[in-house]
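Residue numbers (UniProt numbering): 1 to 332.
As structure tokens, the structure follows; a few thoughts come after it.
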Amino acid sequence: MARLRIYLVSALLCCCVALGQGDAVTTQKTVTVTVPASSAAPATSPASTEPPATTTEPSTTQAPTTTTAAPTTTTAAPTTTTPAPTTTPAPTTTPAPVPPKPEPTPAPKPTPVPAPEQGTWSYKEGNITCIVVQFAAQLNVTYYTTEGNSTSLAHALLNVPKDAAVVAGACQGDQQWLQISWPNTTWANNMTLQFRRNATTHQYALRYLNVTLTPDQHFVNASSNASIALWHAADEWWTPLSSSYKCLPPSQLNMSETAGAVATLSLSHLQEEAFRDNAGTGFSAARECGSGDVPDAVPIAVGCALGGLVVVVLIAYLVSRRRSAARGYLSM
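The following block contains the structure:
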């Protein structure tokens, strides 16, 4: 009996332990305890009249089978939301800008030549200032240029500076002349004006004009570096003696060519006088350009005609008055 109790107590303890570990035990096995038969031989009682005692073997009580259902533990798997990777769009490839083609550098334009300024020059010999000239002059020279194997024409504009110096002259005879000069970057340029006198008509005129130029920076790519000689040989602007010639608008003189060049000389604000007989530099009474070369007899003839016409008209008037007076006496 003692062992049976021990077994029952052990079984109960095991059940308690199993209940305490309900999470780990799913189904409790049934434990069957078998009690062994006593090994002691039954005692031999002497013959007795009493009926023999009957020993009833206690029945074996099986331990109740306790089935503890393991609790269903449902652990929800965590929802792992992995965001879809953001696809970065490929960057737009901007084509590299095409560098602009360098434009050809234009040839520098020539600096415009300003309008010429008026200068005054005179030549004096002894106490007599025989020549006085005043003008603003500009030369337009056409010359040949050479670039590589080609030859072409070009133009150069040059002004005669107002401070050009008088370097030579002459006052004797019927030929008087004056020369002025101005420097350039290489040498010097010269202009000579020559006047002649007509003793018969008592007039003078510009007889000859010469210009000598040394090519400088104005003559770009000139085919020759030789001096350029230009001249105008013709009688210009006949003027009575003791008077001056004056012309404010530009006067063009064509210059003949030499050394492969030809030019035009423009003279504006012009006034000149030659064959003077006084020491001053002031001009005598001027004959304006455009008036023409009118002979002195023409204005005299016109004046006489006008005077005769006035006399005729006056005589006719007096005659008519006298006739009117005579008629009045007759009527009375």
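The C-beta atom is built at its ideal place from N, Cα and C for all residues, glycine as well.
Asked	Found
Just to confirm, are N159 and V220 a CB contact at a threshold of 8 Å?	no
For A188, which three-state DSSP category applies?	strand
G119 lies in the beta strand (DSSP E); which residues open and close that run?	119-125
Report buried or exposed for C130, applying the criterion of at least 16 other Cβ atoms within 10 angstroms of its Cβ.	buried
Would you call the segment 121-130 and the segment 157-171 in contact, with 3 or more CB pairs under 8 Å?	yes
Give the single residue among Q176, Y144, N190, G280 whose Cα lies nearest to the Cα of A137.	N190
Grab the span of the beta strand (DSSP E) containing N140 for me, first residue to last.	128-147
If you reduce the DSSP assignment to three classes, tell me which class A263 lands in.	strand
Considering only their Cβ atoms, is the gap separating L230 from C247 smaller than 8 Å?	no
Could you tell me the distance, in whole angstroms, from the CA atom of A233 to the CA atom of L206?	9 Å
Quick one: measure Cβ to Cβ for D216 and N184, integer angstroms, because I've assumed they're closer than 8 Å.	5 Å
DSSP state of S256, grouped into three classes?	strand
Can you check which of these residues, V9, G307, S244, I315, is closest to R276 by C-alpha distance?	S244
Quick one: grab the DSSP three-state call for A226.	coil
Quick one: residues in its chain with C-beta nearer than 8 Å to the C-beta of A165, no 5 flanking neighbours on either side, listed in chain order?	I180, S181, W182
With a CB to CB cut of under 8 Å and the five nearest residues on each side skipped, what residues in its chain are close to N225?	P215
Given P161, which residues of its chain have a CB within under 8 Å of its CB, disregarding the five upstream and five downstream residues?	E117, G119, W182
Who are the near neighbours of V152 in its chain, counting only those whose CB is closer than 7 Å to its CB and skipping five residues on each side?	At residue 152 the sequence reads Ser, which differs from the Val that was named. T145.
Report the rounded CA-to-CA distance for R287 versus S251, giving the unit in angstroms.	15 Å
Roughly how many angstroms lie between the CA atoms of A285 and T239, to the nearest whole one?	11 Å
On the CB-based measure, 16 or more other CB atoms within 10 Å of its CB, does E147 come out buried or exposed?	exposed
Check C304 in the structure and name its three-state DSSP category.	helix
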